[in-house]
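K.L.:
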Amino acid sequence: MEIHYSTSGTGSSNSHGTWSREAARFALAGTDTDVHAWIDTDRAVAQGQDDRETVLYLAQISSPTIAEAARKALESDASDAPTTFLESGAIQAAADDNRVQISRILTTEPGTAVRRAVTAALDDGSPKALHTFFNSGYQEALKEDDAVATASILAKAGPYTKAHAEAAMEGPAWIRRNFVASVQYKTAQLDHDSATHIAAIRGAIAAAAKVAHKAQEVAARAQEAAAKARDAAQDALEWADKATKSSDRAASYAKEAKDNADAADKSAAAAQASANEAKKAAATARSAARSANFSANRALNAARRATASANSAQAAAASARASAIQAGKDARTAAVAASQARTIAAAKRQAEIAAAARAAAEAAKKARESGKNPIDTPENDQVKGDDTPWWRDAGWWANATNWASIGTGFLSAGLGIVGLIFPPAAPILEPIAGGLAIASVALGGISALFTGIEHGFTSSEFWASAGSAALGLITFGQSKWIGAVGGSKVVTKITQFGHDLVSPVTGLLGSLGF
Numbered sequence: 001m002e003i004h005y006s007t008s009g010t011g012s013s014n015s016h017g018t019w020s021r022e023a024a025r026f027a028l029a030g031t032d033t034d035v036h037a038w039i040d041t042d043r044a045v046a047q048g049q050d051d052r053e054t055v056l057y058l059a060q061i062s063s064p065t066i067a068e069a070a071r072k073a074l075e076s077d078a079s080d081a082p083t084t085f086l087e088s089g090a091i092q093a094a095a096d097d098n099r100v101q102i103s104r105i106l107t108t109e110p111g112t113a114v115r116r117a118v119t120a121a122l123d124d125g126s127p128k129a130l131h132t133f134f135n136s137g138y139q140e141a142l143k144e145d146d147a148v149a150t151a152s153i154l155a156k157a158g159p160y161t162k163a164h165a166e167a168a169m170e171g172p173a174w175i176r177r178n179f180v181a182s183v184q185y186k187t188a189q190l191d192h193d194s195a196t197h198i199a200a201i202r203g204a205i206a207a208a209a210k211v212a213h214k215a216q217e218v219a220a221r222a223q224e225a226a227a228k229a230r231d232a233a234q235d236a237l238e239w240a241d242k243a244t245k246s247s248d249r250a251a252s253y254a255k256e257a258k259d260n261a262d263a264a265d266k267s268a269a270a271a272q273a274s275a276n277e278a279k280k281a282a283a284t285a286r287s288a289a290r291s292a293n294f295s296a297n298r299a300l301n302a303a304r305r306a307t308a309s310a311n312s313a314q315a316a317a318a319s320a321r322a323s324a325i326q327a328g329k330d331a332r333t334a335a336v337a338a339s340q341a342r343t344i345a346a347a348k349r350q351a352e353i354a355a356a357a358r359a360a361a362e363a364a365k366k367a368r369e370s371g372k373n374p375i376d377t378p379e380n381d382q383v384k385g386d387d388t389p390w391w392r393d394a395g396w397w398a399n400a401t402n403w404a405s406i407g408t409g410f411l412s413a414g415l416g417i418v419g420l421i422f423p424p425a426a427p428i429l430e431p432i433a434g435g436l437a438i439a440s441v442a443l444g445g446i447s448a449l450f451t452g453i454e455h456g457f458t459s460s461e462f463w464a465s466a467g468s469a470a471l472g473l474i475t476f477g478q479s480k481w482i483g484a485v486g487g488s489k490v491v492t493k494i495t496q497f498g499h500d501l502v503s504p505v506t507g508l509l510g511s512l513g514f
């Protein structure tokens, strides 16, 4: 699997993470002056913070090279350094790791299409070409090779494997990938076990037939001897002929028994070989699952941290605005005070993010130097949630779906990054990342519903949350609405404002995925 990094110059303008959402909600719940402050200042601050949170997340799940590049971006004096890192810097930083991973693919005896794609990427050698290979070339080549491999297996398969291969040929590409990568070995083991059983039974039958014909031979020889004793020459010849035929049949069945025994041994060995391959495939699948769980756990933690920081910033802004109003200040002055408080909170979080990125880069470096893989461990056998009882109240669900909405955005990037560390996981995880953006929007709507249940459907909290959902829908279908009012700059900003409220999945995150 691979990282998808947007190369668009407007990539950062599509960032709608926790900070952007909370800033938009704060403005929506305030006055017109707060909305103007959001348009002029707060949106850019929140957007920058969302990019920084994303860069930190990547630093915590990536290789030492990318983690170090992320650290430098977060510590840079240039305010747009994190955004630049997401748009292009990560691709540059990942080049060497990508080159190594692509070269390793050649050692796995890939199919013709994959080998051709690998050769083309390595011959080009540019960071973009290496990135493009993991971004799209690898998956497309695997689809082609998997179709060929499935057809080839089908042509010479046993009954169990044939049934599964036929189903795979009729199904989507991911089913063929699963069949080629693991299922074929399990079904081959069944086929070989069945063949072993059949050969063993046939061998036993042949051995019994040999014994029977050997007994008939002995009986015929006895009759032959008796005939000779009474000078019945013709009878002796007939019994001698019968004895010879029984001996020949016994020899034939003995050979058949031996052949079946050899076939049973061969099938048993083949079954064991298939079992060994199945174990290898299971180990690969386990590593892929652990990689996904590692990214998911980090995504959940990142979402919680981002949500807590953004909420803290909004609380500081709300407190500053309330203090200004109580002091008799006008709405504009109160909005400025709130904006300044948010900026201060953002600066504090920036320092925390930079420190966390340094720690992540150092941890990644130490893990590589010690030869330890922090991903492929039993700790990542499952996704770990928190200990909060889910049944307590709707408010918990409102908050949970809110940060889960953010988490799906982080996870989209994380599932992509997995391929940089473990390329075989790419064909499995790539389709999952595509649905995370839809899940994020849906979770935003669910959050609004639970907000209404918790605070009442006439409360300001619900209207702020519901308004964000409604504005998000307008954003996704904004052309007619903007056209009806002339598409002014303010209207365009407001529709973008609605998009910020309900879509925490950034354009950058949507295009991330190694």
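Using UniProt numbering, read the sequence shown as starting at 1 and increasing by one per residue.
Where a beta carbon is used, it is the ideal one built from N, C-alpha and C, also for glycine.
Does the stretch 189-203 come close enough to the stretch 246-264 to have 3 or more Cβ pairs within less than 8 Å?
P.N.:
yes
K.L.:
Hey, how far is the Cα of threonine 65 from the Cα of alanine 364?
P.N.:
For the purposes of this step, residue 65 is taken as residue 65 along the sequence shown, with counting starting at 1. For the purposes of this step, residue 364 is taken as residue 364 along the sequence shown, with counting starting at 1. Approximately 9 Å, taken between the alpha carbons.
K.L.:
Taking the CB atoms as reference points, tell me whether residue 587 and alanine 90 lie closer together than 8 Å.
P.N.:
Nothing about residue 587 can be reported from this structure: the residues present for the chain run from 1 to 514 only.
K.L.:
Quick check on the burial criterion: 16 or more other C-beta atoms within 10 angstroms. Buried or exposed for arginine 25?
P.N.:
Within the sequence shown, residue 25 is the residue found at index 25, counting from 1. Result: buried.
K.L.:
Using a Cβ-Cβ cut-off of 7 Å (strictly less than) and excluding sequence neighbours within five positions of alanine 147, which residues of its own chain qualify?
P.N.:
In the sequence shown, the residue the question calls residue 147 occupies position 147. For alanine 147, where only same-chain residues beyond five positions count, the Cβ hits under 7 Å are Arg176.
K.L.:
Can you give the Cα-Cα distance for aspartate 181 and alanine 404, rounded to whole angstroms?
P.N.:
Here residue 181 corresponds to residue number 181 of the sequence shown, with the count starting at 1. Here residue 404 corresponds to residue number 404 of the sequence shown, with the count starting at 1. It should be noted that the sequence gives alanine, not aspartate, for residue 181. So the two alpha carbons sit approximately 32 Å from each other.
K.L.:
Using the three-state DSSP reduction, which class does glutamate 238 fall into: helix, strand or coil?
P.N.:
In the sequence shown, residue 238 corresponds to position 238, counting from 1. Here glutamate 238 sits in helix by DSSP.
K.L.:
Identify, in the order they occur along the chain, each residue of the same chain with its Cβ nearer than 7 Å to the Cβ of residue 523, setting aside the five sequence neighbours on each side.
P.N.:
A query on residue 523 cannot be resolved here, the shown segment of the chain reaching from 1 to 514 and no further.
K.L.:
Just tell me which of Asp42, Ala37, Asp50, Glu256 has its CA closest to the CA of isoleucine 205.
P.N.:
Counting from one through the sequence shown, the residue named residue 205 turns up at place 205. Of the candidates Asp42, Ala37, Asp50, Glu256, the one whose C-alpha sits nearest the C-alpha of isoleucine 205 is Glu256.
K.L.:
DSSP state of aspartate 231, grouped into three classes?
P.N.:
Counting from one through the sequence shown, the residue named residue 231 turns up at place 231. DSSP places aspartate 231 in coil when its eight states are reduced to three.
K.L.:
Assign isoleucine 201 to one of two classes, buried (16 or more other C-beta atoms within 10 Å of its C-beta) or exposed (fewer than that).
P.N.:
Counting from one through the sequence shown, the residue named residue 201 turns up at place 201. That one is exposed.
K.L.:
For proline 378, count neighbouring Cβ atoms within 10 angstroms of its own Cβ and tell me buried if that reaches 16, exposed if not.
P.N.:
Residue mapping note: residue 378 aligns to position 378 of the sequence shown, counting from 1. Per the 10 Å Cβ criterion, exposed.
K.L.:
Taking the Cβ atom as the reference point for each residue, do glutamate 224 and alanine 236 lie within a distance shorter than 8 Å?
P.N.:
Your numbering for residue 224 matches position 224 in the sequence shown. Your numbering for residue 236 matches position 236 in the sequence shown. Cβ atoms of glutamate 224 and alanine 236: closer than 8 Å.
K.L.:
Are alanine 37 and valine 336 closer than 8 Å when you measure CB to CB?
P.N.:
Looking up residue 37 in the sequence shown gives position 37. Looking up residue 336 in the sequence shown gives position 336. Cβ distance < 8 Å, so alanine 37 and valine 336 count as in contact.
K.L.:
Would you call the stretch 152-161 in contact with the stretch 114-134, where contact means no fewer than 3 C-beta pairs closer than 8 Å?
P.N.:
Counting Cβ pairs under 8 Å, fewer than three are found: no touch.
K.L.:
Of all the options Lys162, Ala316, Lys366, Gly111, which has the alpha carbon lying nearest to the alpha carbon of alanine 141?
P.N.:
Residue mapping note: residue 141 aligns to position 141 of the sequence shown, counting from 1. It is Gly111.
K.L.:
Please report the straight-line C-alpha distance between glycine 17 and aspartate 50, rounded to a whole angstrom.
P.N.:
As a position in the sequence shown, residue 17 is number 17, starting the count at 1. As a position in the sequence shown, residue 50 is number 50, starting the count at 1. Pairing glycine 17 with aspartate 50, the inter-Cα distance amounts to about 5 Å.
K.L.:
Would you give the residue range spanned by the alpha helix (DSSP H) that lysine 128 belongs to?
P.N.:
Here the question's residue 128 lines up with position 128 in the sequence shown. That run of the alpha helix (DSSP H) goes 127-132.
K.L.:
Between which two residues does the alpha helix (DSSP H) harbouring asparagine 178 extend?
P.N.:
Locating residue 178 in the sequence shown gives position 178, counting from the first residue. For asparagine 178, the enclosing alpha helix (DSSP H) stretches over residues 173-178.
K.L.:
So, is leucine 56 buried or exposed, given that buried needs 16 or more other C-beta atoms within 10 angstroms?
P.N.:
Taking the first residue of the sequence shown as position 1, residue 56 is located at position 56. So leucine 56 ends up on the buried side.
K.L.:
Who are the near neighbours of threonine 7 in its chain, counting only those whose CB is closer than 7 Å to its CB and skipping five residues on each side?
P.N.:
Locating residue 7 in the sequence shown gives position 7, counting from the first residue. Confidence at threonine 7 is low in this model, with a pLDDT of 33, below 50, so the placement of that residue should be treated as unreliable; the coordinate-derived value is given next. If we look at threonine 7 and ignore the five residues flanking it on each side, its Cβ neighbours are Glu87, Ser88.
K.L.:
Apart from the five residues just before and just after glycine 203, which ones in its own chain have a Cβ nearer than 7 Å to its Cβ?
P.N.:
In the sequence shown, the residue the question calls residue 203 occupies position 203. Ala257, Asn260, Ala261, Ala264.
K.L.:
Throw me the rounded Cβ distance for the serine 76 and glycine 48 pair, which I believe falls under 8 Å.
P.N.:
On the sequence shown, position 76 is the one that residue 76 refers to. On the sequence shown, position 48 is the one that residue 48 refers to. So it is not a contact: roughly 12 Å between Cβ atoms.
K.L.:
Which whole-angstrom value is the C-beta distance of glutamine 60 and alanine 360, which I expect to be below 8 Å?
P.N.:
Here residue 60 refers to the residue found at position 60 when the sequence shown is read from its first residue. Here residue 360 refers to the residue found at position 360 when the sequence shown is read from its first residue. That pair is a contact at about 4 Å.
K.L.:
Spatial neighbours of arginine 99 within its chain, please: C-beta separation below 8 Å, excluding the five flanking residues on both sides.
P.N.:
Residue 99 sits at position 99 when you count from the first residue of the sequence shown. Within the same chain, arginine 99 has close Cβ partners Leu122, Gly125, Leu130.
K.L.:
With C-beta atoms as the reference, is alanine 151 less than 8 Å away from methionine 169?
P.N.:
Indexing the sequence shown from 1 puts residue 151 at position 151. Indexing the sequence shown from 1 puts residue 169 at position 169. For alanine 151 and methionine 169, yes; Cβs fall inside 8 Å.
K.L.:
Quick one: grab the DSSP three-state call for proline 374.
P.N.:
By one-based count along the sequence shown, residue 374 stands at place 374. Residue state, collapsed to three classes: coil.
K.L.:
Between Ala322, Ala282, Arg71, which has its C-alpha nearest isoleucine 353's C-alpha?
P.N.:
Within the sequence shown, numbered from 1, the residue matching residue 353 stands at position 353. Nearest of Ala322, Ala282, Arg71 to isoleucine 353, Cα basis: Arg71.
K.L.:
Is the beta carbon of arginine 43 sitting closer than 8 Å to the one on alanine 23?
P.N.:
Here the question's residue 43 lines up with position 43 in the sequence shown. Here the question's residue 23 lines up with position 23 in the sequence shown. Their beta carbons are under 8 Å apart, which means arginine 43 touches alanine 23 by this criterion.
K.L.:
Look at the alpha carbon of lysine 372 and the alpha carbon of alanine 334, and state the distance between them as a whole number of angstroms.
P.N.:
Counted from its first residue, the sequence shown places residue 372 at position 372. Counted from its first residue, the sequence shown places residue 334 at position 334. Their backbone Cα atoms lie some 53 Å apart in a straight line.
K.L.:
Just tell me which of Gln272, Ala448, Trp19 has its CA closest to the CA of aspartate 191.
P.N.:
Residue mapping note: residue 191 aligns to position 191 of the sequence shown, counting from 1. For the residues Gln272, Ala448, Trp19, the minimum Cα distance to aspartate 191 belongs to Gln272.
K.L.:
Which word fits serine 370, buried or exposed, when buried means at least 16 other C-beta atoms lie within 10 angstroms of its C-beta?
P.N.:
Within the sequence shown, numbered from 1, the residue matching residue 370 stands at position 370. Classification of serine 370: exposed, given that the 10 Å Cβ count is below 16.
K.L.:
How is proline 82 classed by DSSP in three states: helix, strand or coil?
P.N.:
Your numbering for residue 82 matches position 82 in the sequence shown. Of the three classes helix, strand and coil, the one that applies to proline 82 here is helix, per DSSP.
K.L.:
Near aspartate 207, what residues of its chain come up, given a Cβ to Cβ distance below 6 Å and the 5 sequence neighbours on each side ignored?
P.N.:
For this step, residue 207 is matched to residue 207 along the sequence shown. Going by the sequence as given, residue 207 is alanine instead of aspartate. So the list reads Ala257, once near-sequence residues are dropped.
K.L.:
Using only CA atoms, which one of Ala275, Ala227, Ala278, Ala212 lies nearest to tyrosine 253?
P.N.:
Residue mapping note: residue 253 aligns to position 253 of the sequence shown, counting from 1. That would be Ala212, whose Cα lies nearest to the Cα of tyrosine 253.
K.L.:
On the premise that alanine 250 lies in contact with lysine 214, defined as a C-beta separation below 8 Å, what is that separation, rounded to the nearest angstrom?
P.N.:
Stepping through the sequence shown from its first residue, residue 214 is reached at position 214. Stepping through the sequence shown from its first residue, residue 250 is reached at position 250. At roughly 4 Å, the Cβ-Cβ gap stays under 8 Å, so lysine 214 and alanine 250 are in contact.
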